[in-house]
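Working notes, structure below.
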Amino acid sequence: MAEKKDIQAGTPEKFTGLKTSKPKDVAAGMPAVTSSLKHIMSETGLRKGLKILANLNQKGGIDCPGCAWPDPDDERSKIAEYCENGVKAIAEEATNKRLDPEFFTQNSVSSLSELSDYEIGKKGRIAQPMYLEEGSDFYREISWPDAFQLISTELNSLESPDEAVFYTSGRTSNEAAFLYQLFVREFGTNNLPDCSNMCHESSGVALSETLGIGKGSVKLEDFYQTEVILIMGQNPGTNHPRMLSALKKAKKNGAVIISVNPIMEAGLLNFSNPQEVKGALGIKTKLTDIYLQLKLDGDMALLQALVKLMLEEEDRKPGSVLDNEFINEKTQGVEDYLNHIRKLDLNELIDICGIPLEQLKEVAEILCTRKKIIACWAMGLTQHKNAVNTIKEIVNLLLLKGSIGKPGAGTCPVRGHSNVQGDRTMGIYEKPPETLLDALENRFQFSPPRKKGYNTVESIEAMYEGRARVFIAMGGNFLSASPDTYYTAQALQNCNLTVHVSTKLNRSHLVHGKQALILPCLARTDKDMVGEELQFVTVENSMGVVHQSRGSLDPISEKLISEPLIVCRMAKAVLKDTKTDWDKYMQHYDRIRDDIEACIPGFEDYNKRARQPAGFYLPNGARDNDYRTASGKAGFSVSHANKHPLKDNEFMMMTIRSHDQFNTTIYGLDDRYRGIYNERRVILINPEDIRQHGFEEGELVDLINDFGGTERIARKFIIVAYNIPQQCTATYFPEANILVPIKSIADKSHTPTSKSVVIRIKKHG
Ligand SMILES: Nc1nc2c(c(=O)[nH]1)N[C@H]1C(S)=C(S)[C@@H](COP(=O)(O)OP(=O)(O)OC[C@H]3O[C@@H](n4cnc5c(=O)[nH]c(N)nc54)[C@H](O)[C@@H]3O)O[C@H]1N2
Ligand SMILES: Nc1nc2c(c(=O)[nH]1)N[C@H]1C(S)=C(S)[C@@H](COP(=O)(O)OP(=O)(O)OC[C@H]3O[C@@H](n4cnc5c(=O)[nH]c(N)nc54)[C@H](O)[C@@H]3O)O[C@H]1N2
Ligand code: SF4
Ligand SMILES: [Mo]
431 MAEKKDIQAG TPEKFTGLKT SKPKDVAAGM PAVTSSLKHI MSETGLRKGL KILANLNQKG
491 GIDCPGCAWP DPDDERSKIA EYCENGVKAI AEEATNKRLD PEFFTQNSVS SLSELSDYEI
551 GKKGRIAQPM YLEEGSDFYR EISWPDAFQL ISTELNSLES PDEAVFYTSG RTSNEAAFLY
611 QLFVREFGTN NLPDCSNMCH ESSGVALSET LGIGKGSVKL EDFYQTEVIL IMGQNPGTNH
671 PRMLSALKKA KKNGAVIISV NPIMEAGLLN FSNPQEVKGA LGIKTKLTDI YLQLKLDGDM
731 ALLQALVKLM LEEEDRKPGS VLDNEFINEK TQGVEDYLNH IRKLDLNELI DICGIPLEQL
791 KEVAEILCTR KKIIACWAMG LTQHKNAVNT IKEIVNLLLL KGSIGKPGAG TCPVRGHSNV
851 QGDRTMGIYE KPPETLLDAL ENRFQFSPPR KKGYNTVESI EAMYEGRARV FIAMGGNFLS
911 ASPDTYYTAQ ALQNCNLTVH VSTKLNRSHL VHGKQALILP CLARTDKDMV GEELQFVTVE
971 NSMGVVHQSR GSLDPISEKL ISEPLIVCRM AKAVLKDTKT DWDKYMQHYD RIRDDIEACI
1031 PGFEDYNKRA RQPAGFYLPN GARDNDYRTA SGKAGFSVSH ANKHPLKDNE FMMMTIRSHD
1091 QFNTTIYGLD DRYRGIYNER RVILINPEDI RQHGFEEGEL VDLINDFGGT ERIARKFIIV
1151 AYNIPQQCTA TYFPEANILV PIKSIADKSH TPTSKSVVIR IKKHG
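When you line the sequence shown up against my numbering, it's residues 431 to 1195, in that order.
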């Protein structure tokens, strides 16, 4: 385990003054409008703020840099096609504050690291490239050519291209992502980890194995035609707020909503849409019909218990529950699966998930009688050891009901970052398909590396062990987003050079390699002029729609460069013998799209279709009932539910997002829906657990994880009594990432198990 250095790698152990109230039972309404206005006013002022908001998510306007929830294909609301958290995302990036060279002269790296993430993020946009020399505590300005020269020197002095790691965060556009992977593969490695490795990787693996495509199958319209929506391990009220409008419409059309979550999230309970008169008046729509408040990681057991009950009904009335025609024609492996389920012990499954039989029966009855089901899920499912198999269990349930490949039914992994799905489509992947490599080889005159690269966790281990020495990040905040903060810090500090292409300052700039560079780029909201012409970029949302995004603000500094241009200039400096025409990409982004079209299926007529107002859908086999698996059929699979034998003094901890953050960017200190204000160093515990273990509400505790014989301690967290199953707890990410063990990863997807961290809790001091 790495020693803590003078640089503060974890979040500082400082308090901001906790206030609590009763958790809310409704999301949005007027408080959401007030909160949006507060954020936009303080960062951009009203005029600039209103200008951006008028364009946000409109056809031909700016794609919201928040989450990946899709925009409606048809008419968009002229008033506001966005949510409170979309406004916060915009306020954060379009801020008037900028960090000039003087800021970095006045503030040392070590002093900045003493600030909280909230304070660091509020400093402003980085206005020029910055360089940190070996041994120095102060960044100083560097010219762009010198920065690219430095990168070239370091990359070209490595013994092998595999000693470099190229990370991507999911805000990067298709155009930048395509060029970046091309550059990295020409350089000679597949070390292209991305935030997806920590996010929906488990979904990608599970869906590819069973349905032949690693993406969800539903469209937004399917929500309006469905009969049942299952929402598992997701908090849309905070993380995908406009999903609530879709849920509301689904409800109006008769859908039943079943939510599965260890805590009662306000956004799943009720919604009042501030864009409608009723909502503004505080009149709420009930969303969830049945709320299953299960134990952490109880989802597979829950799904298996439901299927077991459904089978009993099918046995009573054969043909009434299962879609046998679909099963026979389109799937394989059903017998093994059903035999397996029949053998499971219902009481044991109930014990694991913690849901009473009566409630299970109620849900099973709904599933028995309905034919069109959509299953949605997010991080509550993907960040567990058994995540891939749990998601495959969702697929099993949908297949039994023939609930894939038809309107109103299917899979809906709700993506996080606004273009995380597009980046993967563009080839940001450490395990690229051979077809992509062949296409690159054909189109460009080089032989792409065929060896698999490092994913996020493997990259950290490689840097820690000295097998990788240069780290380059296209966006993101690698240090704070990654598990095992002190281990990851040491990994980055071991590097010869760390480079971040960024908009805002974050902790990854402060916990650096021997030398470090910050390369400031244009953000989504910024005008991207190439010569005389305003360029647009394209992104792919959670439902596979590719569409354009065009900024409209004057950049805060003339020294900012767009991400595609940064990649081109870096490639030209680094790749001595490149035959790729990087200059043409720098003249017009249509030229990038020409080459994407030539290499990646589904992008025919890209430049034309990208200009269609609502963009275009990518092909999706599962949506069309065409399964591109080895057998050509959708596959059932057999899995076993995890039991988590906790000792009496142990708790299971999930690390979640508050309402006032976007991943490691902290917009504010409140978690309004959960009734937690002005403080993030809290741990939510069941009141009975507090009593049994002799703690008190408001008491200070230390949290300890011992995975793999290493003691990890997160100090000074405040106990908050909360409605959560016993022995389950919750803390915020990234404060608690210190406790997420680097080697505790999901099977097959290698995603850190950020939602099932085993901890002990001790009184502080
Ligand atoms: N405003 C805002 N929007 C965001 C983000 C943000 O930080 N802020 N982040 C973006 C990104 S990158 C992502 S990936 C998404 C994340 O979106 P979410 O997945 O909604 O984010 P989390 O806060 O991690 O919430 C996980 C939810 O799962 C529940 N949960 C935890 N463990 C379990 C479990 O074992 N079983 C079940 N059934 N439920 C469980 C938690 O109680 C919580 O409600 O949001 C995206 N959108
Ligand atoms: N414990 C725990 N850890 C987690 C999670 C969890 O639930 N629990 N969730 C995981 C998930 S789902 C994800 S997706 C990852 C997120 O991991 P990352 O994507 O690496 O992290 P972010 O916080 O989204 O990155 C924020 C930074 O991106 C930069 N940025 C913002 N906009 C732009 C832009 O337009 N261009 C460029 N170049 N840079 C930009 C800013 O400098 C900002 O500081 O974290 C993961 N880590
Ligand atoms: S739902 Fe997501 S993409 Fe839509 S406005 Fe809100 S944050 Fe932005
Ligand atoms: Mo994510």
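By construction, the Cβ of each residue, glycine as well, lies at the ideal position given by its N, Cα and C atoms.
Query	Result
Report, in whole angstroms, the separation of the C-beta atoms of Thr1085 and Phe1163, which I expect to be a contact under 8 Å.	4 Å
Helix, strand or coil: which one does DSSP assign to Met628?	helix
Taking three-plus beta-carbon pairs below 8 Å as touching, is the stretch 1060 to 1067 in contact with the stretch 864 to 881?	no
Can you look up Ala953 in the DSSP assignment and give me helix, strand or coil?	coil
Considering just the uninterrupted stretch of the alpha helix (DSSP H) at Arg800, what are its terminal residues?	Neither: Arg800 is in no alpha helix (DSSP H) and is coded neither H nor E.
Helix or strand or just coil, what does DSSP make of Asn819?	helix
Cα separation between Val818 and Val975?	25 Å
So what's Phe613 in DSSP terms, helix, strand or just coil?	helix
If we ignore side chains and look at the alpha-carbon of each, how far apart do Glu895 and Gln945 end up?	18 Å
Going by alpha carbons, who is nearest to Cys806 out of Ile1149, Val658, Lys481 and Arg555?	Val658
For Gly846 and Arg854, I'd like the C-alpha separation in whole angstroms.	13 Å
Please tell me whether Ile1115 and Ile1168 are closer than 9 Å, where the distance is taken between their beta carbons.	no
Please list, in chain order, all residues of the same chain as Glu1109 whose beta carbon is under 7 Å from its beta carbon, the five residues on each side excluded.	Phe445, Thr446, Gly447, Leu448, Leu1099 and Ile1148
Are the beta-carbon atoms belonging to Gly810 and Asn665 less than 9 Å from one another?	yes
Going by other Cβ atoms of all chains shown within 10 Å of its Cβ, with 16 needed for buried, is Gly1195 buried or exposed?	exposed
Under the three-state reduction of DSSP, which class applies to Glu433: helix, strand or coil?	Summary for Glu433: the model assigns pLDDT 38, below 50, so the residue's position carries little reliability, and this model does not support an answer.
Using alpha carbons as the reference points, say which of Ile1175, Arg555 and Phe1046 lies closest to Val969.	Phe1046
Considering only the beta carbon of each residue, do Phe908 and Tyr597 sit closer than 9 Å?	yes
Which residues in the same chain as Ile1120 place their Cβ atom closer than 8 Å to its Cβ, once the five residues preceding and following it in sequence are excluded?	Glu1126, Glu1127, Ile1149 and Ala1151
Taking DSSP as the reference, what is the three-state secondary structure of Gly709?	helix
If we require 4 or more residues per run, which alpha helix (DSSP H) segments fall completely within the stretch 992 to 1027?	993 to 1004 and 1012 to 1017
Could you tell me which residues DSSP puts in a beta bridge with Ser1061?	Paired residues: none, contrary to the question.
Between which residues of its own chain and Arg772 is the CB-CB distance below 8 Å, once the five residues before and five after are set aside?	Lys738 and Leu741
Any heavy atom of ligand 3 inside 8 Å of the beta-carbon of Glu499?	Sequence check: residue 499 is Trp here, not Glu. Trp499 Cβ: within cutoff of ligand 3.
Going by C-alpha distance, which of Ile1113, Gly644 and Val595 is nearest Pro1201?	Outside the displayed span of the chain (431 to 1195) sits residue 1201, for which this structure offers no information.
Measuring alpha carbon to alpha carbon, tell me which residue in Cys497, Met973, Val686 and Glu514 is nearest Ala794.	Val686
Label Glu962 either buried or exposed according to how many other C-beta atoms from any shown protein chain fall within 10 Å of its C-beta, with 16 as the threshold for buried.	exposed
Would the beta-carbon of Ser848 be found less than 8 Å away from any heavy atom of ligand 3?	yes
Over what stretch of residues does the alpha helix (DSSP H) that includes Met730 continue unbroken?	Asp729 to Arg746
Reducing DSSP to helix, strand and coil, say where Leu774 ends up.	coil
Once the 5 residues before and after Phe756 are set aside, which same chain residues still bring their CB inside 6 Å of it?	Gly832
Check each candidate in Ala911, Leu736 and Ala606 and name the one with the smallest Cα separation from Ala1001.	Ala606
May I have the straight-line CA-CA distance separating Leu797 from Ile785, to the nearest angstrom?	16 Å
With respect to 8 Å, is the separation between the Cβ of Ala519 and the closest non-hydrogen atom of ligand 3 below this value?	yes
For a test of the three-state rule: what should DSSP assign to Gly974, helix, strand or coil?	coil
Assign Pro1117 to one of three DSSP states: helix, strand, or coil.	helix
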